[in-house]
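> One structure, pasted below without further comment.
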Amino acid sequence: MPLPGNSPTPDRPFRIERATSPEMPHCVVLPAMTATPAEAPPVRIYLGTEQAQIRAQRVFLFSVEKHRDPAREYRIYLMKDLSGFNQSHWRTGFTNYRYAIPAFAGGEGRAIYNDVDQIYLEDPAHLFDLALEQHGYRSISPEDTSVMLIDCARMLQLWNLKSARSGRKRELINTAARTAGLWGKLEDGWNTRDEEYSQLTARVLHYTALHKQPWQPTPAVYSYHPHPLEDLWFELEREADALNYGPFTAEMPSPWFEEALNALDQRPPAPFTASEGAARLVSALDLHDLYWYHPPAQPAAEAPLAVEQVTSCALHGTREAHADGVAVTGLLEHLPGEDTPWLLEQLARHARKLLYIGLELSAEAEAADTGLDSTRWWQRQLRTLTRHHPRLAWQLDIRRGRNGGVAVIQSAMTGARLTQGAEASSPTVWLLLSEHVGDNAQLRTLGTELAWPVIEKPPLIDFKPARMMPLTRPSLRGVNQARRDELQAPWPDIVISTGRRNVNLARWIQQQSGGHTQLIWVGRPRAPLHWFDLIVTTPQYGLPAREHILHNLLPLNRPPEVAEDVLKAWQARLGDLPRPWYGVLIGGTGSLKKFDAEDARRMVEAAAGLARRDGGSLLITTSPRTPTEVRRVLQAELAVPNHLHEWHLGQQDHFYPAMLALADGFIVSDDSASMMAEAIRTHRPVWLHQLEPLPLSRHARRQARFAHWMHQRTRQTSARGTHRQQDWRGRFFDRLYINGIVRTPRDLGQLDETLQIRGLCQPLQGAGEPAFRPPAIPVPDEIRATVEEIRRRAGERYWKE
1 MPLPGNSPTP DRPFRIERAT SPEMPHCVVL PAMTATPAEA PPVRIYLGTE
51 QAQIRAQRVF LFSVEKHRDP AREYRIYLMK DLSGFNQSHW RTGFTNYRYA
101 IPAFAGGEGR AIYNDVDQIY LEDPAHLFDL ALEQHGYRSI SPEDTSVMLI
151 DCARMLQLWN LKSARSGRKR ELINTAARTA GLWGKLEDGW NTRDEEYSQL
201 TARVLHYTAL HKQPWQPTPA VYSYHPHPLE DLWFELEREA DALNYGPFTA
251 EMPSPWFEEA LNALDQRPPA PFTASEGAAR LVSALDLHDL YWYHPPAQPA
301 AEAPLAVEQV TSCALHGTRE AHADGVAVTG LLEHLPGEDT PWLLEQLARH
351 ARKLLYIGLE LSAEAEAADT GLDSTRWWQR QLRTLTRHHP RLAWQLDIRR
401 GRNGGVAVIQ SAMTGARLTQ GAEASSPTVW LLLSEHVGDN AQLRTLGTEL
451 AWPVIEKPPL IDFKPARMMP LTRPSLRGVN QARRDELQAP WPDIVISTGR
501 RNVNLARWIQ QQSGGHTQLI WVGRPRAPLH WFDLIVTTPQ YGLPAREHIL
551 HNLLPLNRPP EVAEDVLKAW QARLGDLPRP WYGVLIGGTG SLKKFDAEDA
601 RRMVEAAAGL ARRDGGSLLI TTSPRTPTEV RRVLQAELAV PNHLHEWHLG
651 QQDHFYPAML ALADGFIVSD DSASMMAEAI RTHRPVWLHQ LEPLPLSRHA
701 RRQARFAHWM HQRTRQTSAR GTHRQQDWRG RFFDRLYING IVRTPRDLGQ
751 LDETLQIRGL CQPLQGAGEP AFRPPAIPVP DEIRATVEEI RRRAGERYWK
801 E
């Protein structure tokens with residue numbers, strides 16, 4: 001679901017104004033798009049950015065495009081890699097650039113400053129047009145200058161090129177803050193920092209916790225964790241991807257492109273030999289002709305792929321024809337990352353079957369894993385490309401140093417990307433079911449949505465495996481002897497499963513397939529995370545953020561469908577009850593939460609208070625785990641108009657899906673993540689009745705205490721009210737966790753907290769306050785997004801030669 005806004009399209013006009021000197025920023029100009037432009041002045045935004053933040057920079061620009069006023073001009077200055085600044089004391093690569101903005105603006109007019117780790121949720125012009133009220137700058141506090149509205153004339157004396165180049169950030173802030181009347185208060189919503197989202201009307205969302213930034217810019221510095229608001233950022237990026245948004249294009253490349261392209265002309269010849277895997281792929285695809293793009297100094301005789309007909313091509317030449325394959329070597333790694341998307345798009349347009357990329361990357365920079373030196377960066381660029389070129393196979397060969405091997409990433413299962421593809425070209429999937437009904441429902445949801453040939457395998461493991469999974473091997477240990485015949489070739493392309501029991505069985509299947517089978521896990525595997533190609537998880541499992549871990553807010557449960565005649569029948573039956581109708585979803589005691597008679601009384605009392613306040617009724621349903629004592633309380637103590645539906649084994653339950661469709665809001669006990677998901681996905685108000693957790697086992701208590709101590713620093717806040725930065729303990733714990741050495745208990749409280757920060761629900765105990773409404777930005781369709789991610793990764797293989 002796209003975020004609300006104007007939905008920019010690829011043909012929106014823009015131009016580049018190149019800086020006149022290397023110490024000045026280049027400008028991206030978004031001109032007015034209406035026949036009669038507004039008379040208001042251009043909105044000037046100065047963006048602090050750096051090489052590691054190319055991905056965040058693109059999403060920031062897209063957020064401005066999305067929410068801008070089309071009748072007005074916007075000028076976005078990219079403050080990146082400017083010369084003449086002493087960066088020795090900077091935390092980021094752009095720390096002090098903001099204090100040179102008055103000079104960059106010529107000491108005239110007003111300007112906005114933004115950090116690159118922010119996104120706009122409304123038109124930046126609303127900030128730009130605020131009254132300065134005789135102040136030199138406005139921000140949420142004198143010390144927090146990450147979002148500012150600046151009077152450039154008034155601030156020029158204190159903040160200028162000289163002071164910004166040599167001064168320290170703290171001195172520059174304090175000098176301005178001590179000057180009477182210079183600072184003015186900015187509404188907090190213009191710099192909504194992380195969890196403040198649930199308390200403010202967010203206008204600019206700021207991802208200040210550096211170890212939780214969704215795009216993971218510097219993995220060598222931080223061990224990343226999921227951000228409770230990362231779905232907003234990722235949904236914005238997905239929308240940009242769907243629109244093929246650059247913003248830079250072949251007609252209007254980045255301001256750094258021309259200089260980098262000219263430098264390529266001076267590079268000495270550097271032959272690139274493709275991997276053996278590339279040669280096998282060329283044979284499998286039966287390529288006959290190839291366009292080879294390379295630096296001008298590199299002779300065509302050194303083509304990386306052995307194809308009958310090779311045509312040497314210039315990157316800046318014009319070409320309308322097509323070839324079976326397109327290869328590019330010695331080029332892309334030397335050009336700006338801002339231009340990578342449109343360059344790949346141009347190359348892909350000329351390829352019928354294969355796009356081959358050969359890269360020479362720095363061996364020294366491999367550990368940094370940042371930007372264009374990151375294998376992850378290139379994988380993501382090519383995965384995104386296949387959204388618009390689903391029939392195109394691709395291969396990425398990466399050499400690091402002359403004497404190093406080749407890292408090979410190959411994606412040739414093109415049938416997986418075609419939603420309407422023939423069944424013969426689709427991957428085959430085995431669902432390894434577990435003993436848990438809710439987990440199996442999620443697996444079946446994925447199987448149905450993927451629409452590929454799916455074979456369900458019933459629970460096959462008779463006992464739990466060892467706790468120390470890193471010491472175990474792929475095997476059939478624990479598989480019921482009578483069912484081993486179900487595990488025979490042909491082996492699947494993909495195994496989807498959940499939990500710990502099936503891990504080694506899935507690895508055995510992968511081993512039998514010769515490494516061909518991909519493993520996709522739902523929830524948490526409680527095993528080394530690198531064993532899996534993709535993990536789909538939710539907050540209660542506490543997994544860190546990694547490139548191959550997809551963090552959803554909710555389990556993969558859609559509200560169950562209900563037939564139209566059933567819905568009408570229930571609507572008529574309930575018609576005498578006054579509206580609004582509040583659905584009450586009663587869970588029960590589980591492995592993590594207790595639900596007794598006293599809990600039921602508190603829940604009924606609070607729910608009844610909500611119904612009385614609004615003059616409405618309660619539609620109540622129990623569930624398979626609801627204790628008998630809770631049912632008695634419901635029968636005896638409901639004192640408002642209601643309909644009570646009690647679940648019984650073997651009955652055909654039409655009430656639950658009908659209630660989800662008919663109710664105006666929901667009250668849910670927080671023992672069931674599935675019930676919470678189904679209620680929230682209706683996009684109607686949801687209140688959580690929070691149950692007390694059951695005591696943890698001794699082993700689980702030790703795990704929880706150890707994890708809390710190791711992550712203690714990042715749970716604290718600084719004087720600015722933002723998260724403190726991660727220390728060695730947090731990074732070390734995560735290393736143990738991702739290798740399966742330590743674990744943490746499942747924590748439904750973490751799920752509750754995340755959903756409340758996101759604004760998707762609120763505690764039932766606060767239901768007496770003003771009426772709760774769902775957030776302006778509802779939860780995206782995470783099931784669709786998960787399926788799309790699986791499609792893009794299907795068939796992707798990695799190895800070294």
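Quick note: the sequence shown uses the UniProt record's numbering, first residue 1, plus one each step.
The C-beta atom is built at its ideal place from N, Cα and C for all residues, glycine as well.
(1) Take T145 as the anchor and find which of G181, G106, S163, K185 has the nearest alpha-carbon.
(2) Assuming the contact rule is C-beta atoms closer than 8 Å, R58 and A240 should be a hit. Round their C-beta distance to whole Å, please.
(3) Specify whether the segment 576 to 594 and the segment 666 to 686 touch according to this definition: at least 3 beta carbon pairs, one from each stretch, less than 8 Å apart.
(4) Quick one: what's got a C-beta closer than 6 Å to L556's C-beta in the same chain, skipping five residues either side?
(5) Determine the DSSP secondary structure at F666, reduced to helix, strand or coil.
(6) Inspect the beta-carbon positions of E230 and I54 and report whether they are closer than 9 Å.
(7) Sort A351, P41, L182, A177 by Cα distance to E133 and report the nearest one.
(8) Identify the continuous alpha helix (DSSP H) that holds A506 and give its terminal residues.
(9) Taking all protein chains shown into account, do 16 or more other C-beta atoms lie within 10 angstroms of the C-beta of L3, making it buried, or fewer, making it exposed?
(10) Below 7 Å CB to CB, which residues in the same chain sit around A103 once its five sequence neighbours on both sides are set aside?
(11) On the three-state DSSP scale, how would you describe R387?
(12) Name the one or two DSSP bridge partners that E360 has.
(13) Compare the Cα-Cα distances from T34 to each of I112, N262, Q381, R12 and report the closest residue.
(14) Please confirm whether L519 and V495 have their CB atoms less than 9 Å apart.
(15) In angstroms, rounded to a whole number, what distance separates the CA positions of P458 and L433?
(16) Might you give, ordered along the chain, the residues of its own chain that have their beta carbon closer than 6 Å to the beta carbon of R44, omitting 5 neighbours on each side?
(17) Quick check: P269 and E235, are their CB atoms within less than 9 Å of each other?
(18) Look at the Cβ atom of W378, then the Cβ atom of L354, and state whether they are nearer than 9 Å.
(19) To the nearest angstrom, how far is the alpha carbon of V640 from that of P624?
(20) What would DSSP say about A19, mapped onto helix, strand or coil?
(21) Looking at C-alpha atoms only, which residue of K594, T682, L644, I790 is the closest neighbour of L748?
(22) In whole angstroms, what is the alpha-carbon distance linking G84 and N262?
(23) Name the residue from V479, P453, W452 whose alpha carbon lies nearest to the alpha carbon of P465.
(24) Where does V562 sit, in a helix, a strand or coil, going by DSSP?
(25) Taking DSSP as the reference, what is the three-state secondary structure of C152?
(26) Between which residues of its own chain and R352 is the CB-CB distance below 6 Å, once the five residues before and five after are set aside?
(27) Is the distance from the Cβ of G189 to the Cβ of L200 below 9 Å?
(28) How close, in whole Å, do the beta carbons of Q690 and T744 come, if the pair is a contact with beta carbons under 8 Å?
(29) Just the C-alpha distance for V408 and M603, rounded to the nearest angstrom, thanks.
(30) For the segment 213 to 229 against the segment 559 to 573, are there 3 or more C-beta pairs whose distance is under 8 Å?
(31) Give the DSSP-derived three-state secondary structure of G583 in the structure shown.
(32) Do the segment 274 to 285 and the segment 303 to 317 meet, that is, are 3 or more Cβ pairs less than 8 Å apart?
(33) Could you round the C-beta distance between P470 and I150 to whole angstroms and report it? I think they count as a contact, below 8 Å.
(34) Would you give the residue range spanned by the beta strand (DSSP E) that N114 belongs to?
(35) Enumerate, from N- to C-terminal direction, the unbroken alpha helix (DSSP H) stretches of 4 or more residues contained entirely within the segment 617 to 701.
(36) What do you get for Y798, buried or exposed, if any count of 16 or more other CB atoms within 10 angstroms of its CB means buried?
Well, looking at it:
(1) K185
(2) 7 Å
(3) yes
(4) Q442, T445, I783
(5) strand
(6) no
(7) L182
(8) 503 to 512
(9) Reliability fails at L3, whose pLDDT of 44 lies under 50, so the model's placement of it is uncertain and no value is given.
(10) L156, N160, L161
(11) coil
(12) R399
(13) R12
(14) yes
(15) 5 Å
(16) R75, A111
(17) no
(18) no
(19) 25 Å
(20) coil
(21) K594
(22) 24 Å
(23) V479
(24) coil
(25) helix
(26) H322, D324
(27) yes
(28) Between T744 and Q690 the Cβ distance is about 20 Å, and since that is not below 8 Å, they are no contact.
(29) 56 Å
(30) no
(31) strand
(32) yes
(33) About 53 Å separates the two Cβ atoms, so there is no contact after all.
(34) 110 to 115
(35) 628 to 637, 655 to 662, 673 to 680
(36) exposed
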